[in-house]
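What follows is a set of notes on a single structure, which appears directly below.
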Amino acid sequence: MSVPYETAAYEPPESPESPEEHLERLLGRALNSFELPDETIRLLDCALAHDSSLHSAHHSAGLHRETYRHTWLLSDGSAVTLWELVHNTAVGRDAQHEVYIDEEEVRAATSRLALPPDAPDFELPAFVQLSSIPEPRHTYVPDASADHARRLLRRAENADGPDAELSALLLREALAHQITQAFGRPGRTSQTGLSFSLYEHAFLLRDGREISLWEVEHTATPDRRHMCEVYATEDAARDAMERRAARLG
166 MSVPYETAAY EPPESPESPE EHLERLLGRA LNSFELPDET IRLLDCALAH
216 DSSLHSAHHS AGLHRETYRH TWLLSDGSAV TLWELVHNTA VGRDAQHEVY
266 IDEEEVRAAT SRLALPPDAP DFELPAFVQL SSIPEPRHTY VPDASADHAR
316 RLLRRAENAD GPDAELSALL LREALAHQIT QAFGRPGRTS QTGLSFSLYE
366 HAFLLRDGRE ISLWEVEHTA TPDRRHMCEV YATEDAARDA MERRAARLG
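In the numbering used here, the protein residues as written are 166 to 414.
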């Protein structure tokens with residue numbers, strides 16, 4: 166028995182630290198947080214998601230420093246990065262934290278630290294994967310995006326559409342979305358009189374992930390009526406267009 170999209174079982178992962186909580190913790194431990202521009206803080210107060218990664222590290226004779234990159238994703242699709250420098254000024258001393266708005270500033274601050282110039286770089290194990298938020302592919306509109314996903318899934322007439330787990334994820338976590346038309350295949354429609362349109366519905370989730378559904382609108386039906394199909398990938402959508410066009414072309 167199929168499960169309706171609205172009632173599909175889905176257990177979200179345990180809630181991570183929110184962008185606001187992460188910013189508050191970073192500013193609370195940084196000795197120079199008062200030097201950050203007010204405009205930067207205002208932008209980060211409205212962030213949708215965040216990510217942190219170790220950028221570089223240096224350890225020698227009991228002294229150390231690490232540089233971390235903290236990136237926040239904003240509602241307009243842009244990203245803001247702060248750079249955190251963590252270091253100790255003497256062996257056995259507690260670590261101090263500083264925060265800067267660009268990489269040049271943190272490099273200048275790093276050059277002032279009392280680390281031996283010939284100290285070896287600290288190397289991460291090869292299996293450690295450092296991640297950062299990629300540049301968003303879309304400019305999103307935060308406007309009832311979960312409802313948009315629900316309407317899209319309801320009007321789909323194909324049986325091989327997105328599975329219940331993916332659908333439930335979008336209905337629960339979609340925060341913003343953007344619709345764009347994709348062009349290309351199939352090329353035979355001008356000869357057959359069939360109409361095909363392909364649209365990407367891109368969704369931004371609360372954890373910063375981007376997920377797209379692909380909508381095919383076409384008239385490749387026996388009575389040439391308009392039909393809507395929705396697929397989880399672009400390849401699946403384009404393959405469906407090709408099959409429809411070949412069948413009635």
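From the three backbone atoms N, C-alpha and C, an ideal C-beta is built for every residue, glycine too.
- Distance from the CA of residue 230 to the CA of residue 254, rounded to the nearest whole angstrom, comes to 9 Å.
- Secondary structure of residue 216 (DSSP, three-state): strand.
- Residue 266: not part of any beta strand (DSSP E); DSSP gives it neither H nor E.
- DSSP lists 383 as the bridge partner or partners of residue 392.
- The three-state reading of DSSP puts residue 362 in strand, counting E and B together.
- Rounded to the nearest whole angstrom, the C-alpha separation of residue 378 and residue 248 is 35 Å.
- Judged by beta-carbon spacing, residue 343 lies beyond the 7 Å limit of residue 321, meaning their Cβ atoms are not closer than that value.
- Beta-bridge annotation (DSSP): residue 403 is not paired with any residue.
- Among the bridge pairs identified by DSSP, residue 276 is matched with none.
- For residue 309, no beta strand (DSSP E) segment is defined, and its DSSP state is neither H nor E.
- Secondary structure note for residue 234: its beta strand (DSSP E) is the uninterrupted segment 228 to 238.
- Residue 271 has no beta-bridge partner at all, per DSSP.
- According to the DSSP assignment, residue 334 belongs to the alpha helix (DSSP H) that extends over 329 to 338.
- DSSP places residue 398 outside both helix and strand once states are collapsed to three, so it counts as coil.
- With at least 16 other beta carbons inside 10 angstroms of its own, residue 314 counts as buried.
- Annotation for residue 345: 303, 364, 365 and 367 place their beta carbon closer than 8 Å to its own, counting only its chain and skipping 5 residues before and after.
- Distances from the CA of residue 211 to each of 199, 188 and 217 were compared; the closest alpha carbon is that of 188.
- According to the DSSP assignment, residue 196 belongs to no beta strand (DSSP E), since it is labelled neither H nor E.
- Residue environment for residue 218: exposed (fewer than 16 other C-beta atoms within 10 angstroms of its C-beta).
- Apart from sequence neighbours up to five positions away, the residues of its chain that approach residue 265 with a beta-carbon distance below 6 Å are 248 and 271, ordered along the chain.
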